[in-house]
Amino acid sequence: MKKTTTIALFLILPGMAAFLFFNLWPIVYSIYLAFTNAQLGNFPVQAPQAPKLTFVGLENFRWILSDSKFRSAFLWTWVFVVTSVTLKVLAGIFLSLLYNSRYVKGKMIYRSLLIIPPWALPLLFSVTVWRFMFDPIFGPVNHVLKSLGGVHTLPNWINDPTWAFVALNIIEVWLAYPPFMITVITAALQSVPDTLVEAAIIDGANYWQRIRHVVLPIVGKPIAFATILTSAASFQYFMVPYIYNAGLFEDKFILLYGFRKAFGGATPHYGRAAAVMIIATLVLAVYMYVNVKITRLQEGAKG
Amino acid sequence: MMGVRKREALRSLVLTALAIFVMFIILFPPVYYIFIVSVTPGSTLATTKLELIPPHNASLDSYREVLFGFTGGSEISENFTGGTIEGTAQIQNGKLYVTNGKLIGKVKYGLHGAEVRGTSVKGGVRGRLGHDREPKVQRKS
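Now the structure itself:
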């Protein structure tokens, strides 16, 4: 081996060690746990009365797939992905078009005001405030509904599964549209050449025709990219339902279900929780791969 | 030419107004609401009225308390439940002020409740009223 190669290997050794320890080791260890009966009592320390930590093969996966709560969580997670991503993309496109319009005076100020707060406010703080806003008795959301009239029974946004799910969608759209969707879509809109739009105007295209046939085909790929990433984030939704009402959403979000399996209940079962995480990761990986293929995002990326 | 300019100006006015309106709709929850709540006295937070502008009795008490702490005497921070208060006490803005007296009852202390008997109050302590309007006195250690 050349001397320079030896020195290079020696120099990258600390980086490699850090990568293996902090990135690879937790993944490998989680996979190992998914095939064991790790639970409170035998993991991480073996208690005398507890069953021994043993390899159980696919038992955890079998148990998880036969659990009705897991199936419910899996289904509702996808429902949430569909609803929240649709809302986020539509809100993102609408707001980006509005705050990118040449007719809007002071659009840069509005854009900054819209983007900074949801980005700057800590998630815990935002969700807590939203929870207070959706309070069925004292929350301003129900005050507004009450004052609008025509609503006989005010929705219980905190404890009713359907209304709480709607509330989560609203919170998610609020949290995600500015930092991510507006930034990506606005950047894409600003890359649309003025000459193309002007040519369309000369050809007699109206506003909607210009949007449909000139702007959207150009910004399509960035929107597809943002949609795939944001749907992955929606699939991994955990923090907001956990803060909002963890008990209610235990069988509605797959990661929350996995977390409660590991750290909630009388007997935390780490092996089953790890199995949930592996299933979630595999499903998400397949979903993202299929989407990247469908939208042909990788085209042009290869040199 | 004038017609086109007029139409452009009108379009600009309408879209700018829409942009401001949408911005308000988006920023009201929770950014503006946080501000309103921060200047609303604690006792009037649990209300069924929606305040869009800072209330008439707006105060900076919350900011003062966060920045400088409670300055009206000592503050009890454990939940004081099912006890009696002897001495001089009064309720102001939903807060219970005991200026000179004795607290007798149970307080939450650590993992298990503890009995507190005959805690003397000198110089004043302050408690809060919960939703149930029962006084919950808290002591800050």
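Residue numbers (our numbering), protein chains in the order written: chain A, 24 to 326; chain B, 47 to 187. Just so you know, even glycine gets a beta-carbon here, dropped at the ideal spot from N, CA and C. All figures in this text were calculated on a predicted structure; none of them were measured in a lab.
What does residue 124(A) reach in chain E if we use C-beta pairs closer than 7 Å?
The structure shown contains no chain E; its protein chains are A and B.
Among residues of its own chain, excluding the 5 on either side of residue 284(A), which ones have a beta-carbon nearer than 7 Å to its beta-carbon?
292, 295, 296 and 299
Under 7 Å Cβ-Cβ, which residues of chain A neighbour residue 65(B)?
Neighbours of residue 65(B) in chain A, taken as residues whose beta carbon is under 7 Å from its own, are 121, 122, 127, 130 and 133 in chain order.
Does residue 152(A) get closer than 9 Å to chain B when you measure Cβ to Cβ?
yes
What span of residues does the alpha helix (DSSP H) with residue 166(A) cover, start to end?
163-171
Going by alpha carbons, who is nearest to residue 304(A) out of 53(A), 110(A), 39(A) and 72(A)?
53(A)
Pull up the CB-CB distance for residue 187(A) and residue 271(A), whole angstroms please, since I reckon it's below 8 Å.
Between residue 271(A) and residue 187(A) the Cβ distance is about 6 Å, and since that is below 8 Å, they are a contact.
In chain order, what are the residue ranges of uninterrupted alpha helix (DSSP H) at least 4 long that sit wholly in the segment 226-260 of chain A?
230-233 and 239-258
If we ignore side chains and look at the alpha-carbon of each, how far apart do residue 241(A) and residue 125(A) end up?
19 Å
Does DSSP put residue 181(A) in a helix, in a strand, or in coil?
coil
Hey, residue 260(A) and residue 100(A): beta-carbon distance below 9 Å or not?
yes
Give, in chain order, every residue of the segment 250-273 of chain A whose Cβ lies closer than 7 Å to some Cβ of chain B.
none
Look up residue 137(B) in the DSSP assignment and say whether it is helix, strand or coil.
strand
My understanding is that residue 100(B) touches residue 85(B), with C-beta atoms under 8 Å, so please give their C-beta distance in whole angstroms.
5 Å
Taking C-beta pairs closer than 9 Å, name the residues in chain B that residue 156(A) reaches, listed in chain order.
Under the 9 Å cutoff, chain B gives 75, 76 and 79.
Is it right to say residue 209(A) is buried, meaning 16 or more other beta carbons lie within 10 angstroms of its own, or is it exposed?
buried
Taking Cβ-Cβ distances shorter than 9 Å, what residues in chain A pair up with residue 68(B)?
The answer, in chain order, is 117, 118, 121, 122, 133 and 137.
When you compare each of 200(A), 147(A) and 61(A) to residue 73(A) by their alpha carbons, which one comes out closest?
61(A)
If you run the structure through DSSP and keep just helix, strand and coil, what is residue 143(B)?
strand
Is the CB of residue 140(A) under 9 Å away from at least one CB in chain B?
yes
Is the segment 250-269 of chain A close to the segment 132-151 of chain A, with three or more CB pairs under 8 Å?
Segments in contact, yes.
According to the Cβ coordinates, are residue 275(A) and residue 57(A) closer than 9 Å?
no
Quick one: is residue 57(B) near chain A, going by C-beta distance under 9 Å?
yes
Cα-Cα, which of 192(A), 156(A) and 135(A) is closest to residue 256(A)?
192(A)
From the beta carbon of residue 72(B), is the nearest beta carbon of chain A less than 9 Å away?
yes
Thinking C-alpha only, which one of 98(B), 69(B) and 87(B) is nearest residue 110(B)?
87(B)
Would residue 318(A) and residue 211(A) be called neighbours here (beta carbons separated by less than 9 Å)?
Cβ atoms of residue 318(A) and residue 211(A): not closer than 9 Å.
Counting only the same chain and skipping the five closest in sequence on each side, list residues whose C-beta sits under 7 Å from that of residue 77(A).
So the list reads 59 and 60, once near-sequence residues are dropped.
Given a threshold of 16 other Cβ atoms within 10 Å of its Cβ, counted over all protein chains shown, does residue 179(B) qualify as buried or as exposed?
Reliability fails at residue 179(B), whose pLDDT of 39 lies under 50, so the model's placement of it is uncertain and no value is given.
Does the contact criterion of 3 or more C-beta pairs under 8 Å hold for the segment 85-93 of chain A versus the segment 176-190 of chain A?
Short answer: they don't touch.
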